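S.K.:
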Amino acid sequence: MKKHACRLLSHISAWLDDLLFPQDVVCLCCDHALGSDAKNGVCGGCLRALDALARRQEELEKQGVLPVPHGIRYIHAAFVYEGQARMLIRRLKYESVRRAALALAQQMVFLPSDEEEIIVPVPTDKGRERKRGFNQSSVLARHIGNTLGMQVTEALVRVDVRRPQTGLTGREREKNLVGCMAASEAVSGKRVLLVDDVCTTGATLREAARALLAAGAAGVGVFTAARAARAADEPRDPFAAGEILRK
Ligand SMILES: [Zn+2]
Numbered sequence: 010m011k012k013h014a015c016r017l018l019s020h021i022s023a024w025l026d027d028l029l030f031p032q033d034v035v036c037l038c039c040d041h042a043l044g045s046d047a048k049n050g051v052c053g054g055c056l057r058a059l060d061a062l063a064r065r066q067e068e069l070e071k072q073g074v075l076p077v078p079h080g081i082r083y084i085h086a087a088f089v090y091e092g093q094a095r096m097l098i099r100r101l102k103y104e105s106v107r108r109a110a111l112a113l114a115q116q117m118v119f120l121p122s123d124e125e126e127i128i129v130p131v132p133t134d135k136g137r138e139r140k141r142g143f144n145q146s147s148v149l150a151r152h153i154g155n156t157l158g159m160q161v162t163e164a165l166v167r168v169d170v171r172r173p174q175t176g177l178t179g180r181e182r183e184k185n186l187v188g189c190m191a192a193s194e195a196v197s198g199k200r201v202l203l204v205d206d207v208c209t210t211g212a213t214l215r216e217a218a219r220a221l222l223a224a225g226a227a228g229v230g231v232f233t234a235a236r237a238a239r240a241a242d243e244p245r246d247p248f249a250a251g252e253i254l255r256k
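The numbering of the sequence shown is my numbering, which starts it at 10 and goes up by one.
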């Protein structure tokens, strides 16, 4: 009964969202009216800012200063986790604005991959997924799969309820996450493209990769919408803080 009520609330909130913030009328990043240069719900000015964040991320990856966790072949992010990119992720993740995924995914499809065979989204905590109405990584993964013509498989599941990662140090995160995910046999022998919204310390991605490789995946590469330069940039989760139901 409670589950149904949550789902109903999430549908109503999505409907209210469309009513209050009609698609293609105001910018998802700055709330200004969209002009003729807008795309995917983002105004021309914010698109240019996003482009600069994408170029900065590309530059950081070229410099090789961003670590790649053990077990993962590469991590590519579309944007530095700041400004407009951070706002789009906030809309998607904490305000349940599903269409905010589009501008993020449209940049992610240009990231260099290595002929991966299937896309697997990082699973989210089920309680929070119910509040949000969807898993933000699955929404990103489906946009990417549709554009690149690749199959998306929800092969990873959370097998244990852990403390929220927010506020934990890198080492605490590692310990908190060990054994919290399992992968189905669908990934056996396959090169997997793992998709997530933000990479901070990489602890979640490392645990997801461990589960995929344990299930027989031939290799794991990662696309994320954004990458935080420091662990301190971890998005604050208002759900975990109990501050908001939705907005
Ligand atoms: Zn804008």
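Note that beta-carbon positions come from the ideal geometry of N, C-alpha and C, so glycine has one too.
Please read these numbers as outputs of a predicted model, since none were measured by experiment.
Count the other C-beta atoms from every protein chain shown that fall within 10 angstroms of the C-beta of Ser147, then say buried if there are 16 or more, exposed otherwise.
M.R.: Looking up residue 147 in the sequence shown gives position 138. So Ser147 counts as buried.
S.K.: For Lys199, count neighbouring C-beta atoms within 10 Å of its own C-beta (all shown protein chains included) and say buried if the count is 16 or more, exposed if not.
M.R.: Taking the sequence shown and counting its residues from 1, the one referred to as residue 199 is at position 190. Answer is buried; the Cβ neighbour count reaches 16.
S.K.: For the putative contact between Val229 and Val207, defined by C-beta atoms under 8 Å, what is the C-beta separation to the nearest angstrom?
M.R.: Along the sequence shown, one-based indexing puts residue 229 at 220. Along the sequence shown, one-based indexing puts residue 207 at 198. Going by Cβ atoms, the distance from Val229 to Val207 rounds to 18 Å, so no, they are not a contact pair.
S.K.: Would you mind listing the alpha helix (DSSP H) stretches within the segment 121-148 that are 4+ residues and don't spill past its ends, in chain order?
M.R.: 135-141, all fully within the segment 121-148.
S.K.: Using DSSP's beta-bridge definition, name the partner residues of Lys48.
M.R.: Here residue 48 refers to the residue found at position 39 of the sequence shown. Partner(s): Val51.
S.K.: Which complete alpha helix (DSSP H) runs does the segment 57-104 hold, if anything under 4 residues is left out?
M.R.: Qualifying alpha helix (DSSP H) stretches, in chain order: 92-103.
S.K.: Measure the alpha-carbon distance for Val129 versus His79 and round it to whole angstroms.
M.R.: On the sequence shown, position 120 is the one that residue 129 refers to. On the sequence shown, position 70 is the one that residue 79 refers to. C-alpha separation (whole angstroms): 18 Å.
S.K.: Let me check understanding here. Comparing Cα to Cα, which of His85, Ser122, Glu68 and Leu62 lies closest to Asp205?
M.R.: On the sequence shown, position 196 is the one that residue 205 refers to. The shortest C-alpha separation from Asp205 is found at His85.
S.K.: Could you spell out where the beta strand (DSSP E) holding Ala330 opens and where it closes?
M.R.: This structure does not reach residue 330, given that the chain is present from 10 up to 256, and the question cannot be answered.
S.K.: Is His152 near ligand 1, in the sense that its beta carbon is under 6 Å from a heavy atom of that ligand?
M.R.: Counting from one through the sequence shown, the residue named residue 152 turns up at place 143. Result no, Cβ not under 6 Å from ligand 1.
S.K.: Which of the three DSSP states, helix, strand or coil, is assigned to Ala224?
M.R.: On the sequence shown, position 215 is the one that residue 224 refers to. The answer is coil: DSSP assigns Ala224 none of H, G, I, E or B.
S.K.: Helix, strand or coil for His167? Go by DSSP, reduced to three states.
M.R.: Here residue 167 refers to the residue found at position 158 when the sequence shown is read from its first residue. For the record, residue 167 in the displayed sequence is Arg; it is not His. Here Arg167 sits in strand by DSSP.
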